[in-house]
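Asks: Just so you know, we're using this note's numbering here: the sequence shown kicks off at 45 and counts up by one.
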Amino acid sequence: MAAPGSLVVPGQCLGEAHELVAGDGAYLWGSHVRASVVGVFHVSREADGSSRASVAYSKHVTMVPSIGDQVTCRVTRITSRMATVDIICIGREVLSESCTGLIRREDVRNFELDKVEIYLSFRPGDIVLARVISLGDARAYLLTTADPSLGVVSATSAEGASMVPISWNEMECPVTQQREFRKVAKPPNGKQENGLA
Numbered sequence: 045m046a047a048p049g050s051l052v053v054p055g056q057c058l059g060e061a062h063e064l065v066a067g068d069g070a071y072l073w074g075s076h077v078r079a080s081v082v083g084v085f086h087v088s089r090e091a092d093g094s095s096r097a098s099v100a101y102s103k104h105v106t107m108v109p110s111i112g113d114q115v116t117c118r119v120t121r122i123t124s125r126m127a128t129v130d131i132i133c134i135g136r137e138v139l140s141e142s143c144t145g146l147i148r149r150e151d152v153r154n155f156e157l158d159k160v161e162i163y164l165s166f167r168p169g170d171i172v173l174a175r176v177i178s179l180g181d182a183r184a185y186l187l188t189t190a191d192p193s194l195g196v197v198s199a200t201s202a203e204g205a206s207m208v209p210i211s212w213n214e215m216e217c218p219v220t221q222q223r224e225f226r227k228v229a230k231p232p233n234g235k236q237e238n239g240l241a
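As structure tokens, then:
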């Protein structure tokens with residue numbers, strides 16, 4: 045349940061119906077009051093003693109991703125099971141505040157799923173194109189990079205140089221020619237370096 049003063053999204057539970065009355069930007073669904081718009085959650089005391097839940101919509105509120113949206117992310121952390129990312133853009137729109145996403149092992153690619161290793165697909169600091177597949181929970185969106193056009197679009201080598209994609213699963217430092225594994229996004233022209241598709 046949301047805390048008063050917090051940013052909420054449509055469908056998010058604001059509280060139980062026996063404690064709150066649905067006001068502007070809120071609705072009753074079963075035994076809970078839920079947000080109907082993106083905005084800031086407020087609770088006001090009514091003359092009859094009841095508490096009214098309302099959500100104040102604002103044009104300046106951060107956009108939120110929807111299922112199917114293509115998003116640009118920065119990898120913040122990796123584990124053996126998933127990569128945690130900050131979603132920084134939805135399509136071409138830059139977010140004023142990032143939100144968290146997860147790319148699970150099974151969502152990295154759509155073949156040889158049993159051989160996927162997160163550390164061979166992403167590294168902290170990588171910029172990744174992904175697609176939202178689920179709204180997940182209140183903490184993170186679930187993302188996929190399974191489509192060939194999705195994956196790492198920018199990575200920095202240990203030398204601080206921008207790495208160059210050379211295949212669907214490798215990038216190379218132009219300074220040292222050191223290669224590193226990544227789940228590389230296929231460029232828009234459909235060709236990788238060295239003619240590899």
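Backbone N, C-alpha and C define an ideal beta-carbon position, used for all residues, glycine too.
Give the straight-line distance between the Cα atoms of residue 144 and residue 184, rounded to the nearest whole angstrom.
Replies: Answer to the nearest angstrom: the Cα atoms are 5 angstroms apart.
Asks: Could you check where the beta strand (DSSP E) with residue 130 kicks off and where it finishes?
Replies: 126-134
Asks: Tell whether a beta-carbon distance below 9 angstroms holds between residue 190 and residue 152.
Replies: Going by C-beta atoms, residue 190 is nearer than 9 angstroms to residue 152.
Asks: Are there 16 or more other CB atoms within 10 angstroms of the CB of residue 49, so buried, or fewer, so exposed?
Replies: exposed
Asks: Report back the beta-carbon spacing between residue 112 and residue 176 to the nearest angstrom; my notes put them in contact at under 8 angstroms.
Replies: 6 angstroms
Asks: Starting from residue 90, follow the beta strand (DSSP E) in both directions and report where the run begins and ends.
Replies: Element bounds for residue 90: n/a, residue is neither H nor E.
Asks: Return the CA-CA distance between residue 46 and residue 57, expressed in angstroms with no decimal places.
Replies: 6 angstroms
Asks: Does the distance from the C-beta atom of residue 77 to that of residue 61 stay below 9 angstroms?
Replies: yes
Asks: Using the beta-carbon count (16 or more within 10 Å), is residue 209 buried or exposed?
Replies: buried
Asks: For a test of the three-state rule: what should DSSP assign to residue 150, helix, strand or coil?
Replies: helix
Asks: Considering residue 186, what are the terminal residues of the beta strand (DSSP E) in which it resides?
Replies: 185-188
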